[in-house]
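Engineer: The sequence shown begins at 93 in the working numbering and counts up by one. Here you go, one structure.
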Amino acid sequence: MISMNDFRSQDEGLIKSELEAVERVLRSGWWVLGSEVESFEAEWASWLGVPFAVGCGNGMDAIEIGLRALGIGEGDEVITTPMTAFATVLAIYRCGATPVLADISSDSAILNPESVKRCITPKTKAVILVHLYGRMGPVQELLDICNTHSISLIEDCAQAHGARSNAGPAGSFGRFAAWSFYPTKNLGAIGDGGALTSADPEIIKVAKSLRNYGQSVRYQHPLLGMNSRLDEVQAAILKVRLQYLNKWTELRRLIASRYTQEINNPQVKVLALPENRNEHVHHLFVVTHPDRDKLQAHLKTNGIETLIHYPIPIHHQEPCKNIQMDPQGLKRAEQHALQCLSLPCHPGLTERDVERVISVVNGFKV
Ligand SMILES: *Cc1c(COP(=O)(O)O)cnc(C)c1O
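This is the structure in structure tokens:
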């Protein structure tokens, strides 16, 4: 079976360093929010090239914490995409604000700026751009729109660790960026983990308080916060894996460029690659096909696992039936949800695996 992820294929050198890191934490006798978390926060910010990072429990909390740090809540609207992990929208609900969905662009499946414009009302406080599948979204266009309307741009970077354009890294454009270190992400922990990054020291200060019950100094709680702390084992593991991230991203890019060049089944469309290869870190490699379910079944029969990101757009999820959206509808997101398929694309794939995926995709006929 060629699988979507294979965490058992880690090399022995990495496993050895991870075991040492875990042992160091275990013997330190300090397991939540300590020196490992502090040093990881510093290393993560500096690796990205952004001023500050705050570790927290997961990626969804990072979004909620950041929104709350911006003062966004009840009565405020936040625009985002229907083609994302449910966590993006759930974080908006959880901070008390109202999510509004704009449509995607067909060539990338990422939030479409023209549709965003149609969603803006006097209540709009922020736009969350999801750098979907690891590709940087239209940062400059959205910044222009946000600046014109005095609203905040926020980056959901849960799939985009290390993506960068000539103008700067993903995560450096919004008021804050949210990161997830869920195990399947490009940089993953051995459990849940997340971070918020920002250039704004005030957001960082409030985020550090919110992640820990709204505490300022011990036992003083000027804010009603939450419990979203990063633990020392996860931080220690992340520091080790960060050393491998550039290599892993390069491997993902090689696989993606082979798929892009060699998949030639006329019915299978590969999402467009950016001109600047650094803008994409290929968290997922997504194709579309008019008979997607049959293509998926064909791959499964041939021993290749695939997944769909995402089969149900947000506005078709049960709790979101009355969600606000672009007055022109979300047609492109709906079409994408019906046709998209994610092929295996991770650093543990061998060249033979990649060749096999390509030949099975090319051999598919409806
Ligand atoms: C994974 C993911 C999240 C949520 O991260 P968690 O750590 O699982 O909470 C948010 N947004 C996107 C786009 C994601 O892929």
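Here a beta-carbon is modelled for each residue, glycine too, at the ideal position from N, C-alpha and C.
Look up M152 in the DSSP assignment and say whether it is helix, strand or coil.
Structural biologist: The residue labelled residue 152 in the question sits at position 60 within the sequence shown. Helix.
Engineer: Does the distance from the CB of K331 to the CB of F132 come in under 7 Å?
Structural biologist: Here residue 331 is taken as the residue at index 239 of the sequence shown, counted from 1. Here residue 132 is taken as the residue at index 40 of the sequence shown, counted from 1. The answer is yes: Cβ separation under 7 Å.
Engineer: Taking all protein chains shown into account, decide if K300 is buried (16 or more other Cβ within 10 angstroms of its Cβ) or exposed.
Structural biologist: Taking the sequence shown and counting its residues from 1, the one referred to as residue 300 is at position 208. Classification of K300: buried, given that the 10 Å Cβ count is 16 or more.
Engineer: Mind listing, in chain order, the continuous beta strand (DSSP E) runs of no fewer than 3 residues lying wholly within the region 163 to 250?
Structural biologist: Entirely contained in the region 163 to 250, the beta strand (DSSP E) runs reaching 3 residues are, in chain order, 169 to 172, 190 to 193, 216 to 222 and 244 to 248.
Engineer: Assuming A194 contacts A270 (C-beta within less than 8 Å), just tell me the rounded distance between them.
Structural biologist: On the sequence shown, position 102 is the one that residue 194 refers to. On the sequence shown, position 178 is the one that residue 270 refers to. Actually they are not in contact, since the Cβ atoms of A194 and A270 sit about 18 Å apart, beyond 8 Å.
Engineer: Is D248 near ligand 1, going by C-beta to nearest heavy atom under 6 Å?
Structural biologist: Here residue 248 is taken as the residue at index 156 of the sequence shown, counted from 1. Yes.
Engineer: For V298, I'd like the list of residues in its chain whose CB is within less than 6 Å of its CB, leaving aside the five on either flank, ordered along the chain.
Structural biologist: Taking the sequence shown and counting its residues from 1, one reaches residue 298 at position 206. A161, listed in sequence order.
Engineer: In its own chain, which residues sit with a C-beta less than 8 Å from the C-beta of K209, not counting the 5 before and 5 after it?
Structural biologist: To locate residue 209, count along the sequence shown from 1; it is residue 117. Counting only Cβ-Cβ distances below 8 Å, and skipping sequence neighbours, we find I237.
Engineer: Could you pull the DSSP bridge partners for H372 from this structure?
Structural biologist: Taking the sequence shown and counting its residues from 1, the one referred to as residue 372 is at position 280. DSSP output for H372 lists R227 as bridge partner(s).
Engineer: Which ranges does the beta strand (DSSP E) cover as unbroken runs of at least 3 residues, wholly within the region 322 to 399, from first to last along the chain?
Structural biologist: The qualifying runs are 377 to 380.
Engineer: Which first and last residues belong to the beta strand (DSSP E) in which F268 is found?
Structural biologist: Your numbering for residue 268 matches position 176 in the sequence shown. Unbroken beta strand (DSSP E) run through F268: F268 to S272.
Engineer: Among P174, Q232, M318 and P382, whose alpha-carbon lies nearest the alpha-carbon of R260?
Structural biologist: Here residue 260 corresponds to residue number 168 of the sequence shown, with the count starting at 1. Looking at the sequence provided, one finds Gly at residue 260 rather than Arg. Considering only alpha carbons, the answer is Q232.
Engineer: Establish whether the CB of R333 and some CB of chain C are separated by less than 7 Å.
Structural biologist: The structure shown contains no chain C, having only a single protein chain.
Engineer: In three-state terms, what does DSSP make of I157?
Structural biologist: Position 65 of the sequence shown, counted from the first residue, corresponds to residue 157. It is helical.
Engineer: Is it true that the CB of I184 sits closer than 7 Å to the CB of P174?
Structural biologist: Here the question's residue 174 lines up with position 82 in the sequence shown. Here the question's residue 184 lines up with position 92 in the sequence shown. It is not a contact, given that the beta carbons lie outside the stated cut-off.
Engineer: Taking only heavy atoms of ligand 1 into account, decide whether any of them is closer than 6 Å to the Cβ of Y305.
Structural biologist: Residue numbering aside, residue 305 sits at position 213 when the sequence shown is read from its first letter. Outside the cutoff, so no.
Engineer: Closest to R267 by CA distance: which of A252, S138, V219 and H223 is it?
Structural biologist: Here residue 267 refers to the residue found at position 175 of the sequence shown. It is V219 whose Cα lies nearest to the Cα of R267.
Engineer: Assuming V446 and A291 form a contact by the criterion Cβ under 8 Å, report the distance between their Cβ atoms to the nearest whole angstrom.
Structural biologist: Within the sequence shown, the letter at position 354 stands for residue 446. Within the sequence shown, the letter at position 199 stands for residue 291. Actually they are not in contact, since the Cβ atoms of V446 and A291 sit about 39 Å apart, beyond 8 Å.
Engineer: Measure from the alpha carbon of E135 to the alpha carbon of each residue in A287, D248, V181 and I164, then state which is nearest.
Structural biologist: For the purposes of this step, residue 135 is taken as residue 43 along the sequence shown, with counting starting at 1. Taking only the C-alpha atoms, the option nearest E135 is A287.
Engineer: Below 7 Å between beta carbons: does that hold for E371 and S257?
Structural biologist: Within the sequence shown, the letter at position 279 stands for residue 371. Within the sequence shown, the letter at position 165 stands for residue 257. In contact: E371 and S257 (Cβ atoms closer than 7 Å).
Engineer: Sorted by chain position, which residues of the same chain lie with C-beta nearer than 7 Å to I296's C-beta, five sequence neighbours on each side aside?
Structural biologist: By 1-based counting over the sequence shown, the position of residue 296 is 204. If we look at I296 and ignore the five residues flanking it on each side, its Cβ neighbours are F144, V146 and S290.
Engineer: Hey, is A147 close to ligand 1, as in C-beta under 6 Å from one of its heavy atoms?
Structural biologist: Here residue 147 corresponds to residue number 55 of the sequence shown, with the count starting at 1. Here residue 147 turns out to be Gly, not Ala, going by the sequence shown. No, the beta carbon of G147 sits no closer than 6 Å to any heavy atom of ligand 1.
Engineer: Could you check how far apart the C-beta atoms of L334 and W139 are, in whole angstroms? I think they sit under 8 Å.
Structural biologist: For the purposes of this step, residue 334 is taken as the residue at position 242 of the sequence shown. For the purposes of this step, residue 139 is taken as the residue at position 47 of the sequence shown. Confirmed, about 6 Å.
Engineer: With 16 as the cutoff for other CB atoms within 10 Å, does K277 come out buried or exposed?
Structural biologist: Walking along the sequence shown from the start, residue 277 turns up at place 185. Result: buried.
Engineer: If you run the structure through DSSP and keep just helix, strand and coil, what is Q416?
Structural biologist: The residue you call residue 416 lines up with position 324 of the sequence shown. Correct three-state label for Q416: strand.
Engineer: Which same chain residues, not among the five before or five after I243, have their C-beta less than 7 Å away from its C-beta?
Structural biologist: Start at 1 with the first residue of the sequence shown, and residue 243 comes out as number 151. Cβ within range, chain order: T216, K217, A218 and V219.
Engineer: If V458 sits next to K386, beta carbons under 8 Å apart, how far is it from one beta carbon to the other, in whole angstroms?
Structural biologist: As a first step, residue 458 is located in the sequence shown; it is residue number 366 there, counting from the start. As a first step, residue 386 is located in the sequence shown; it is residue number 294 there, counting from the start. Rounded, the Cβ-Cβ distance is 6 Å, consistent with contact.
Engineer: DSSP state of R256, grouped into three classes?
Structural biologist: As a first step, residue 256 must be located in the sequence shown, where it is residue number 164. Three-state DSSP puts R256 in a strand.
Engineer: Look at the alpha carbon of R80 and the alpha carbon of H313, and state the distance between them as a whole number of angstroms.
Structural biologist: Here the chain has residues from 93 to 458 only, and residue 80 is not among them.
Engineer: If distances are taken between C-alpha atoms only, which option among M318, G317, I164 and Y336 comes closest to Q102?
Structural biologist: In the sequence shown, the residue the question calls residue 102 occupies position 10. Measuring from the Cα of Q102, the nearest candidate turns out to be Y336.
Engineer: Can you grab the Cα-Cα spacing for the pair I415 / I107, in whole Å?
Structural biologist: Taking the sequence shown and counting its residues from 1, the one referred to as residue 415 is at position 323. Taking the sequence shown and counting its residues from 1, the one referred to as residue 107 is at position 15. Their Cα atoms are separated by approximately 45 Å.
Engineer: Compute every distance between the C-beta of G151 and the non-hydrogen atoms of ligand 1, then say whether any falls below 6 Å.
Structural biologist: The count along the sequence shown starts at 1 and reaches residue 151 at position 59. Checking the Cβ of G151 against ligand 1 gives yes.
Engineer: Taking 6 Å as the line, does the beta carbon of Q251 fall inside it for any heavy atom of ligand 1?
Structural biologist: As a first step, residue 251 must be located in the sequence shown, where it is residue number 159. Within the cutoff, so yes.
Engineer: Exposed or buried, which one is I404 when buried takes at least 16 other CB atoms within 10 Å?
Structural biologist: Sequence index remark: in the sequence shown, residue 404 carries index 312 (1-based). Exposed: under 16 other Cβ atoms inside 10 Å.
Engineer: Comparing alpha-carbon positions, which option in H381, N338, I329 and H374 lies nearest R350?
Structural biologist: Numbered from its first residue, the sequence shown carries residue 350 at position 258. The option with the nearest alpha carbon to R350 is H374.
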